[in-house]
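Everything below concerns the one structure shown next.
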Amino acid sequence: MKVIVVGGAKIVYFLCRTYISKGHSVVLVNRDLEECTQLARRLKATVVHGDGSDPQILAEAGVESADALLAVTPNDQDNLVICEVAARRFHVPRTLALVNDPDNEQVFKELSNTIAFSTTHILANLIEQRADFEEITNLLPVGEGKINVTEVALTEDAPVVGKSLIDISLPENALIAGILRGGHAIIPRGSTVLHAGDQLILMTLPADHGQVLKLLLGESAQ
Amino acid sequence: MASEKLFILVIGCGRLGSYLASQLSHGGHSVVTVDTDPQAFDALSAEYSGFRVEGDAAELAVLKQARMDKADLVIAATREDNVNLMVAHVARRIFKVPHVLARVFDPRREEIYRDLGVDTVCPTTIAADALLAKLAEGGLSAGGGKNL
Chain A
1 MKVIVVGGAK
11 IVYFLCRTYI
21 SKGHSVVLVN
31 RDLEECTQLA
41 RRLKATVVHG
51 DGSDPQILAE
61 AGVESADALL
71 AVTPNDQDNL
81 VICEVAARRF
91 HVPRTLALVN
101 DPDNEQVFKE
111 LSNTIAFSTT
121 HILANLIEQR
131 ADFEEITNLL
141 PVGEGKINVT
151 EVALTEDAPV
161 VGKSLIDISL
171 PENALIAGIL
181 RGGHAIIPRG
191 STVLHAGDQL
201 ILMTLPADHG
211 QVLKLLLGES
221 AQ
Chain B
1 MASEKLFILV
11 IGCGRLGSYL
21 ASQLSHGGHS
31 VVTVDTDPQA
41 FDALSAEYSG
51 FRVEGDAAEL
61 AVLKQARMDK
71 ADLVIAATRE
81 DNVNLMVAHV
91 ARRIFKVPHV
101 LARVFDPRRE
111 EIYRDLGVDT
121 VCPTTIAADA
131 LLAKLAEGGL
141 SAGGGKNL
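Protein chains in written order, with my numbering: chain A, 1 to 222; chain B, 1 to 148.
Structure below.
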């Protein structure tokens, strides 16, 4: 795959290094001449010096034959124009843009064929999920968040420790889909007894989520 | 358009932006000017009666604060082409502003934005055409041949 990366700083260096190690061919576009020289020395990539939102510079970078373009400059306006030029003018099949202001995600959605990702958004979510409650990890929202898949670690004082599933009256919209115990995975049945230290893979509807956590972990889970 | 009072957003308060904002405000329109540099507003004329919003126009919250949703006309006149193009894009697609004008220095970028339904003004092209016209008046043609 041929990938064009527009931007600078460490993120670009490490991105390119990852792509190259996976066997992709990478062309890098950067506005800063000194940075270009350094990157060219450290990476097995073609480096083009110039403004990536200038159609002529993109053409020089071989955008016509690119499979994907990634715009990761620190300026949303530049990333927007770069993707717009690549998609509209050169018909690059896949364009991806870094969005610095999370509100701008909706702006980029209006762009044809562009996938926008906001690191602010991703980091904020990650931190919220991790810091919120140590025992609980949100694994993934399914169906745009209509179903929560959560990993819950049972502490020793959890009220359900020592009980079998059949004795725990979970609400209707909740399911313990799997248990990780000492490195083994268990698909639980009614007779399965819960132990302290078990990691439960829990599926819930958002409305019942809090109630289920309280049932499993006791009052401390808020 | 001259008879009715419009709500106009001028993005960028440099030489062009401040002049336009002052003229439009003087003409009886209600004007909001946006610039990242608070000192840029000093360039507005004494008669300017509109609002000043300090902030980066590439930030959606700033455009909301400037009430882009209510604008009849948006003029993007910052010194950066890409900012102007993004502002025009947002005005057009997100806030559905009926009239959007953008100043674009690089003629190569102008083409792309014509597709978007954004009217662009390119001072480079205008100046070049004007200079060529002057040359022609003086008996020189752009074709390289001299009519002496």
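Ideal placement from N, C-alpha and C gives every residue a C-beta, glycine not left out. For clarity, every value in this text was computed on a predicted model and none was experimentally measured.
Enclosing alpha helix (DSSP H) for residue i [first to last residue]
i: N82 (chain B); result: 81-93
i: K214 (chain A); result: 206-217
i: R89 (chain A); result: Taken as a continuous stretch (DSSP letters only), R89 (chain A) belongs to no alpha helix (DSSP H), as it is neither H nor E.
i: I57 (chain A); result: 55-60
i: A185 (chain A); result: Not the alpha helix (DSSP H): A185 (chain A) falls in the beta strand (DSSP E), residues 184-186.
Top-ranked residue by Cα proximity to residue i, from the options
i: V99 (chain A); options: A:K2, A:V149, A:A71, A:A87; result: A:A71
i: A124 (chain A); options: A:K109, A:L111, A:E110, A:P102; result: A:P102
i: V31 (chain B); options: B:Y48, B:A43, B:L16, B:P38; result: B:Y48
i: R109 (chain B); options: B:V121, B:E54, B:S45; result: B:V121
i: G62 (chain A); options: A:K10, A:V6, A:K214; result: A:V6
i: T175 (chain B); options: B:D35, B:V83, B:A61, B:F105; result: In the structure as shown, chain B starts at 1 and stops at 148, and residue 175 (chain B) therefore has no counterpart that could be examined.
i: R92 (chain B); options: B:V74, B:P107, B:D56; result: B:V74
i: R79 (chain B); options: B:P98, B:A46, B:A102; result: B:A102
i: L165 (chain A); options: A:A86, A:T18, A:L200, A:D208; result: A:L200
i: N113 (chain A); options: A:V161, A:V85, A:G210, A:T119; result: A:V85
i: R41 (chain A); options: A:L80, A:E64, A:L28; result: A:L28
i: T150 (chain A); options: A:G210, A:L15, A:G23, A:H24; result: A:G210
i: I187 (chain A); options: A:N75, A:L202, A:T18; result: A:L202
i: F95 (chain B); options: A:V107, A:L96, A:F90, A:A97; result: A:V107
Limits of the beta strand (DSSP E) - the one that residue i falls within
i: S21 (chain A); result: Careful: S21 (chain A) lies outside any beta strand (DSSP E), inside the alpha helix (DSSP H) at 9-21.
i: A153 (chain A); result: 147-153
i: A177 (chain A); result: 174-181
i: L70 (chain A); result: 68-71
i: T33 (chain B); result: 30-35
i: H49 (chain A); result: 46-49
i: L170 (chain A); result: Looking at the DSSP string, L170 (chain A) is not in any beta strand (DSSP E), and its letter there is neither H nor E.
Expected contact under 8 Å - CB spacing of residue i and residue j to nearest Å
i: V92 (chain A); j: L69 (chain A); result: 5 Å
i: T204 (chain A); j: V212 (chain A); result: 5 Å
i: R94 (chain A); j: I112 (chain B); result: Going by Cβ atoms, the distance from R94 (chain A) to I112 (chain B) rounds to 19 Å, so no, they are not a contact pair.
i: V3 (chain A); j: A66 (chain A); result: 7 Å
i: A76 (chain B); j: G12 (chain B); result: 7 Å
i: L80 (chain A); j: H29 (chain B); result: So it is not a contact: roughly 29 Å between Cβ atoms.
i: L44 (chain B); j: S22 (chain B); result: 5 Å
Subject >> Against chain B: residues of the region 71-82 of chain A by CB proximity under 8 Å >> reply: N75, D76, Q77, D78, L80, V81
**OP:** For the region 94-123 of chain B, enumerate the residues whose C-beta is nearer than 9 Å to any C-beta of chain A, in chain order.
**Re:** I94, D106, R108, R109, E111, I112, Y113, D115, L116
**OP:** Would you list, in sequence order, the uninterrupted beta strand (DSSP E) runs of no fewer than 3 residues that lie entirely inside the region 49-80 of chain B?
**Re:** 51-54, 73-76
Original post:
At what residue ranges does the region 94-129 of chain A contain a whole run of the beta strand (DSSP E), taking only runs of 3 or more?
Top reply: 94-99, 114-118
**OP:** Entirely within the region 92-132 of chain B and at least 3 residues each: give me those beta strand (DSSP E) ranges in chain order.
**Re:** 99-103, 119-121
Original post:
Using a beta-carbon distance cut-off of less than 7 Å, what residues from the region 49-64 of chain B approach chain A?
Top reply: A58, E59, L60, A61
Original post:
Taking a cut of 7 Å between CB atoms, which residues from the region 110-123 of chain A lie near chain B?
Top reply: E110
Original post:
Which residues, in chain order, does the region 75-86 of chain B contribute to contact with chain A at a C-beta distance below 8 Å?
Top reply: E80, D81, N82, V83, L85, M86
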